[in-house]
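Numbering (the UniProt record's numbering), first residue to last: 1 to 289.
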């Protein structure tokens, strides 16, 4: 809905806007994979997308046909870039002008170049794609977002029978304790962000605007506010799901949900900064200060 000045803006800001909890869409431009690699890695990206869509019902990951319409770019690398197996960066100072996700499919050993295994490529793609859609690192060793792989050789070592046997015999993780701790963090974050949004709401009434430049900045502020409200709505709904799982003693599942809620809530901080900057610029354009 297009927003205008005065009271109509307030209706849009204060009114209820129904937004599906997990209806998020991301568009990515995918660099073409060399034909010689497709037999081994041709299904990796689709499998990684399916993984996240199962984790987040309603999530849409679409392939963009043009770079300028994409939220981020995925590229395939032939060897480690500065020792990185794969990485995601929001830095747009690159040939694409977009955030970039890079997956390494090759490595050198004994002066010979080799392809990594498809299982490894899938694990790295899941992890980096998780960053691209907003997830940070997890402290759960069993979570795909846990930063546990240092090199391809170390990954092979992790998958060795001896390592798996040793891992299975270690102390069982206290998921109830972990879930309780992250529940507290998530509760505090949700309360803080909700309070911050309530405080900034009155500033979005821009009936004082007289020129189009400041009006455009306040429109940006309003758009960022609505996006922040969506993130808050998402986070609260996922938090409710986590609480339900916790009370059913499904502590490991509840931990994952609390982490997801916390990740969503953290996105609100970015929007709050955008809102403040837009309001400040609008006032500067309007009053010359």
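Don't be surprised by glycine CBs; every beta carbon is placed ideally from N, CA and C.
Residues sharing a beta bridge with residue i, DSSP
i, result
"residue 109", "112"
"residue 229", "For residue 229, which the question treats as bridged, DSSP gives no partner whatsoever."
"residue 25", "60"
Beta-carbon gap between residue i and residue j smaller than 7 Å
i, j, result
"residue 216", "residue 271", "no"
"residue 29", "residue 60", "no"
"residue 235", "residue 258", "no"
"residue 125", "residue 144", "no"
"residue 262", "residue 194", "no"
"residue 88", "residue 73", "no"
"residue 231", "residue 268", "yes"
"residue 183", "residue 118", "no"
"residue 115", "residue 48", "no"
"residue 44", "residue 122", "yes"
Residue from the options whose Cα sits closest to the Cα of residue i
i, options, result
"residue 71", "131, 237, 190, 209", "131"
"residue 64", "268, 219, 26", "26"
"residue 220", "233, 236, 203", "203"
"residue 36", "78, 88, 197", "78"
"residue 53", "32, 24, 190", "24"
"residue 286", "232, 222, 211", "211"
"residue 206", "218, 246, 40", "218"
"residue 142", "256, 50, 200, 273", "256"
"residue 187", "239, 45, 273", "239"
"residue 32", "75, 46, 50", "75"
Any non-hydrogen atom of the ligand ATP closer than 6 Å to residue i Cβ
i, result
"residue 246", "Inclusion of the ligand ATP in the displayed structure is not the case, the ligand content being empty and no account of it being possible."
Is the number of C-beta pairs between the region 272-280 and the region 233-252 that are closer than 8 Å three or more?
-> No, the region 272-280 is not in contact with the region 233-252.
Enumerate, from N- to C-terminal direction, the unbroken alpha helix (DSSP H) stretches of 4 or more residues contained entirely within the region 167-206.
-> Counting whole runs of 4 or more residues, the region 167-206 contains the alpha helix (DSSP H) stretches 175-200.
Start-end ranges of the beta strand (DSSP E) lying completely within the region 234-275, minimum 3 residues = Within the region 234-275, no complete beta strand (DSSP E) run reaches 3 residues.
Quick one: which unbroken beta strand (DSSP E) runs of 3-plus residues sit fully inside the region 33-107? Chain order, please.
-> Counting only runs of 3 or more, we get 60-63, 72-77, 86-89, 100-104.
Quick one: any contact between the region 101-115 and the region 133-142, if contact means 3 or more CB pairs under 8 Å?
-> No: the two stretches stay apart, fewer than three of their Cβ pairs being nearer than 8 Å.
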